[in-house]
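One structure below.
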Amino acid sequence: MGTRAELRAALAALPGSRALVMTMGALHDGHLSLVREARSRAEHVVVSIYVNPLQFGPGEDFEAYPRDVDADVALLAHEGVDLVFAPSDEEAYPAQPLVRVDPGPVAGVLEGRTRPGHFAGVLQIVAKVLNLVRPDVAVFGQKDAQQLALVRTLVRDLDLGVQIVGVPIRREEDGLAMSSRNAYLSPDERRRALALSRALAAGRDAAAAGGAVAEVRRVAEDVLGAAEGVRVDYLALVDPDTFLPLDERATGAGLLAVAAWVGTTRLIDNMTVDLQGPRP
Ligand code: AMP
Numbered sequence: 387m388g389t390r391a392e393l394r395a396a397l398a399a400l401p402g403s404r405a406l407v408m409t410m411g412a413l414h415d416g417h418l419s420l421v422r423e424a425r426s427r428a429e430h431v432v433v434s435i436y437v438n439p440l441q442f443g444p445g446e447d448f449e450a451y452p453r454d455v456d457a458d459v460a461l462l463a464h465e466g467v468d469l470v471f472a473p474s475d476e477e478a479y480p481a482q483p484l485v486r487v488d489p490g491p492v493a494g495v496l497e498g499r500t501r502p503g504h505f506a507g508v509l510q511i512v513a514k515v516l517n518l519v520r521p522d523v524a525v526f527g528q529k530d531a532q533q534l535a536l537v538r539t540l541v542r543d544l545d546l547g548v549q550i551v552g553v554p555i556r557r558e559e560d561g562l563a564m565s566s567r568n569a570y571l572s573p574d575e576r577r578r579a580l581a582l583s584r585a586l587a588a589g590r591d592a593a594a595a596g597g598a599v600a601e602v603r604r605v606a607e608d609v610l611g612a613a614e615g616v617r618v619d620y621l622a623l624v625d626p627d628t629f630l631p632l633d634e635r636a637t638g639a640g641l642l643a644v645a646a647w648v649g650t651t652r653l654i655d656n657m658t659v660d661l662q663g664p665r666p
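Residues 387 to 666, numbered by the working numbering, are exactly what the sequence shown covers, in order.
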């Protein structure tokens, strides 16, 4: 269904708790793991499908973004999803939004540095769909770690009264993080794209072996540096909450995050690393 009136009527006919999964469609198993998590947490599951123009910058892939709502709806029906909300631009934004969500400083680093305005656009649609659906729980993927952190902050700072649940990254067997944008990759690019997850895994292993911040970063950079046809946007080892770079002596959890272009496709991935600190 695509209109607010249809959504309202359908929600009224669904008594009990509900969990929301927000997507841009072109669904893959990563999305479906969010749907399964949602199903385990509420009586009903609502999925939204909307390619939100506000979160794309000029020259990005808004027009090219893969869209196949019929296939998506079939997949979701198979998963037992109760309601799919796929609004048009007019239904999503009946008026040009004048009041905007300011995502704050975390939106200025990593993804936000390369994509100015991206997280403001993301939080605008997240706030809107949360308000339209009023779920008890909303499920987001760790694949977009910075987005997940910002959604948690949005809910806390605006008292939106919904529980936010994060779900681990779903990967292909060879390690590539599932993404709708993987559909852009040629077979050759698909092979080159493995450098991202390999670099992160090498960094994670270096941390597990006692490597400190600079060493973890260097090991991951070496893997990316040796990869042909991969242009790195950023590789960063950051605090998982603030997304600020970690101090060289940091211990405990860090987030190793990467963004890179493979051909004309921009891919992101991340892994949590466990920094051991000096041995006694
Ligand atoms: P998207 O359709 O790309 O906007 O993603 C919708 C939701 O699915 C977001 O919360 C993403 O973080 C999540 N997601 C996308 N890819 C994956 C993946 N490979 N594993 C887990 N969650 C994912």
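Just so it is clear, CB atoms sit at the ideal spot from N, CA and C, and this is done for glycine as well.
Computed from a prediction, not measured in an experiment: that's the story for all the values here.
- Non-local beta-carbon contacts of S474 in its own chain, meaning distances under 8 Å to residues more than five positions away in sequence, involve G388 in chain order.
- An exposed status is given to N517, since fewer than 16 other beta-carbon atoms sit within 10 Å of its beta-carbon.
- Annotation for R652: the continuous beta strand (DSSP E) segment containing it runs 651-661.
- With fewer than three CB-CB distances shorter than 8 Å, the stretch 566-574 does not count as touching the stretch 592-602.
- At the C-beta level, L461 and L418 come within 9 Å of one another.
- Taking 9 Å as the cut-off, the Cβ atoms of R404 and A428 count as close.
- At least one heavy atom of the ligand AMP lies closer than 8 Å to the C-beta of T409.
- When beta bridges are read from the DSSP output, A646 appears opposite V618, L653.
- By the Cβ rule, the stretch 504-522 counts as touching the stretch 530-548, because three or more pairs are nearer than 8 Å.
- At a cut-off of 8 Å, the beta-carbon of G416 counts as near the ligand AMP: some heavy atom of the ligand is closer than that.
- Secondary-structure assignment with DSSP links I511 through no beta bridge to anything.
- The DSSP assignment places complete alpha helix (DSSP H) segments of no fewer than 4 residues inside the stretch 431-497 at 455-464, 475-478, in order along the chain.
- Cα atoms of V523 and A600: separation of roughly 38 Å, rounded to the nearest angstrom.
- With a cutoff of 8 Å, D530 counts as near the ligand AMP, since its C-beta is closer than that to a heavy atom of the ligand.
- Residues E429, H430 of the same chain have their beta carbon placed closer than 7 Å to that of G402, with the five preceding and five following residues left out of the count.
- Within the same chain, N568, R576, A579, L580, L582, S583 come within 8 Å of L562 by CB-CB distance, once the 5 residues on both sides are set aside.
- For V553, the CB falls within less than 8 Å of some heavy atom of the ligand AMP.
- Residues V492 of the same chain have their beta carbon placed closer than 8 Å to that of T628, with the five preceding and five following residues left out of the count.
- Closest in C-alpha terms to Q482, from the list F448, Y436, G507, A646, comes G507.
- Residue range 404-409 is occupied by the beta strand (DSSP E) that includes L406.
- Distances from the CB of M387 to the heavy atoms of the ligand AMP are all 8 Å or more.
- Remark: the shortest separation between the CB of A569 and any heavy atom of the ligand AMP does not fall under 8 Å.
- For V519, the shortest separation between its Cβ and any heavy atom of the ligand AMP does not lie below 8 Å.
- Remark: the shortest separation between the CB of V525 and any heavy atom of the ligand AMP falls under 8 Å.
- By the neighbour-count definition (other C-beta atoms within 10 Å, threshold 16), G416 is a buried residue.
- Relative to the ligand AMP, A412 has its C-beta within less than 8 Å of a heavy atom.
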